[in-house]
Amino acid sequence: MSPPIAPKVSRLPTLPLIWIVPLIALGVCAWIGLGELRSRGPEISIDFADGTGIEAGKTVLEYKGVTVGMVRAVTLKPDLSGVSVSLRLNRGAAVFANAGSEFWVIHPEIGFSGVRGLDTLLTGSRLNARPGSGPRTKNFRGLNDPPAVETPIKGRSYYLKCDRLGSLTVGAPVYYREFKVGEVEATRLSEDSTSVLVRIHVEEPYVDLVRTGTRFWNAGGFNFKLGLFGAQFNDTSLESLIAGGVAFATPDGDELGTPAPNGALFQLSPDPDKAWLRWAPQISIEAPEVVTKAPELAKVLPALIKH
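Each residue of the sequence shown is one higher than the last, beginning at 211 in my numbering.
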């Protein structure tokens, strides 16, 4: 009978199986944390007069519909004059930390300038931004209202002079034969404060419709006239009824004239002359087809119906 084999004794330390799972979890957490650090961009501070609707860890910063940052904290300023919002930008959005960047809050809004931000009824308020081109900085002053819409590259701008602004607001439509061809860009008082100047932008396919002899009038709001032959309402669209609007007509025949240059000044009449409505000049344009829709309502109404 052979003698028993002596067992081999290992002096290497052994790791209990109970520690394997925690170590795997630690490795996963480290990997996630490393990915988070890699995706982080700079942190900036934005001062707002009011912090209504802004929540830490929930309110996002968007640019052209894409999330580019997240609010980390909302605190009162030491002098109680407003709130300070601490926001972490994504790594690819560092351009928003440049001086000159603009930030504003998107709230649901239904007013004379139209319908905005209806989707925030479900998702909560969000921040929007426009990048700047200055040096890198960390402190910004938020806007109380959204800035004016950036002017499209193609098209021409014209100035309309009137005694009173009426219901016209920035973003109000500009119509030719009740077809939208542009919008109101900005409004201001004249240099001598005796009139109001309205800057409109007409899109590229329709700029040849505006001639030196073109006549403009205010086509927005209610227009009710009572005369000897009964009452009369103006014929206007729902959009111009809410946001105001401008319409124009161009004379035909020998009065057609040449295309108006960029920056030309016209008088804005409160009502159209009957002769203007009969003008129908033949002006060749290459206008694309337009599909009318309401994107804000289309996104929100299904969810509202569910609730």
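Every residue gets a Cβ at the ideal spot worked out from N, C-alpha and C, and that includes glycine. Here the structure is a predicted model, which means the values were calculated and not measured.
Is the beta carbon of residue j closer than 8 Å to that of residue i?
i, j, result
"glycine 310", "glycine 342", "yes"
"alanine 382", "glycine 455", "yes"
"glycine 251", "asparagine 300", "yes"
"glutamate 522", "glycine 365", "This structure gives no information on residue 522, because the portion of the chain shown stretches from 211 to 517."
"lysine 386", "phenylalanine 476", "Here residue 386 turns out to be tyrosine, not lysine, going by the sequence shown. No."
"isoleucine 254", "leucine 286", "no"
"arginine 421", "threonine 397", "no"
"valine 384", "valine 394", "yes"
"leucine 271", "leucine 337", "yes"
"alanine 304", "valine 281", "no"
"proline 415", "proline 482", "no"
Thinking C-alpha only, which one of the options is nearest residue i?
i, options, result
"threonine 468", "Ser400, Val456, Ile493 and Leu478", "Ile493"
"phenylalanine 350", "Tyr416, Trp314 and Gly275", "Trp314"
"threonine 404", "Pro415, Cys372 and Ser377", "Cys372"
"glycine 292", "Pro415, Asn354 and Leu478", "Asn354"
"glutamate 496", "Asp464, Leu419, Lys484 and Trp427", "Leu419"
"asparagine 428", "Pro480, Leu271 and Ala259", "Pro480"
"alanine 470", "Glu401, Gly237, Leu370 and Arg488", "Leu370"
"tryptophan 486", "Thr424, Glu499 and Leu478", "Thr424"
"serine 335", "Gly261, Asp289 and Lys348", "Gly261"
"glycine 302", "Pro498, Tyr273 and Ala259", "Tyr273"
"proline 288", "Gly275, Thr269, Val276 and Asp257", "Asp257"
"valine 380", "Ile230, His411 and Val238", "His411"
"glycine 275", "Arg340, Phe389 and Val417", "Arg340"
Is residue i helix, strand or coil by DSSP?
i, result
"glycine 327", "Below a pLDDT of 50, predicted positions are generally treated as unreliable, and glycine 327, at 49, falls in that range; no measurement from the model is reported."
"aspartate 464", "helix"
"isoleucine 410", "strand"
"leucine 436", "The predicted model places leucine 436 with a pLDDT of 49, which falls under 50 and marks its position as unreliable; any figure quoted below should be read in that light. Note: leucine 436 maps to strand in three-state DSSP."
"lysine 484", "helix"
"glycine 302", "helix"
"valine 293", "strand"
"leucine 353", "coil"
"proline 345", "coil"
"glutamate 449", "Its pLDDT being 48, under 50, glutamate 449 is placed unreliably by the model, and the measurement read from it follows with that caveat. Glutamate 449 falls in the helix class under three-state DSSP."
"glycine 423", "coil"
"valine 281", "strand"
"valine 456", "strand"
"alanine 236", "Checking the displayed sequence, the identity of residue 236 turns out to be leucine instead of alanine. If DSSP states are grouped into helix, strand and coil, leucine 236 belongs with the helices."
"valine 276", "strand"
"glutamine 442", "Any reading at glutamine 442 needs caution, since the residue's pLDDT is 48, under 50, leaving its predicted position unreliable; the model's value is listed next. Here glutamine 442 sits in strand by DSSP."
"proline 383", "strand"
"proline 415", "helix"
"alanine 396", "strand"
Starting from residue i, follow its DSSP beta bridges and name the residues at the other end.
i, result
"glutamine 477", "Lys371"
"arginine 336", "Ile316"
"isoleucine 254", "Leu297"
"threonine 202", "The requested residue 202 does not occur in the structure, where the chain is confined to residues 211 to 517."
"asparagine 308", "Arg346"
"lysine 390", "Tyr385"
I think residue i touches residue j, with their Cβ atoms under 8 Å apart; what is that distance to the nearest whole Å?
i, j, result
"phenylalanine 306", "valine 278", "6 Å"
"valine 295", "isoleucine 316", "Incorrect: roughly 14 Å between the Cβ atoms, too far for contact."
"aspartate 462", "alanine 490", "6 Å"
"proline 357", "glutamate 312", "6 Å"
"arginine 409", "serine 377", "With 8 Å as the limit, arginine 409 and serine 377 do not qualify as a contact, their Cβ atoms being about 17 Å apart."
"phenylalanine 426", "leucine 375", "That belief does not hold up - the Cβ atoms of phenylalanine 426 and leucine 375 are roughly 14 Å apart, past 8 Å."
Quick check: is the beta carbon of residue i nearer than 8 Å to any beta carbon in chain D?
i, result
"glutamate 413", "Given the protein chain composition of this structure (a single chain), no chain D is represented."
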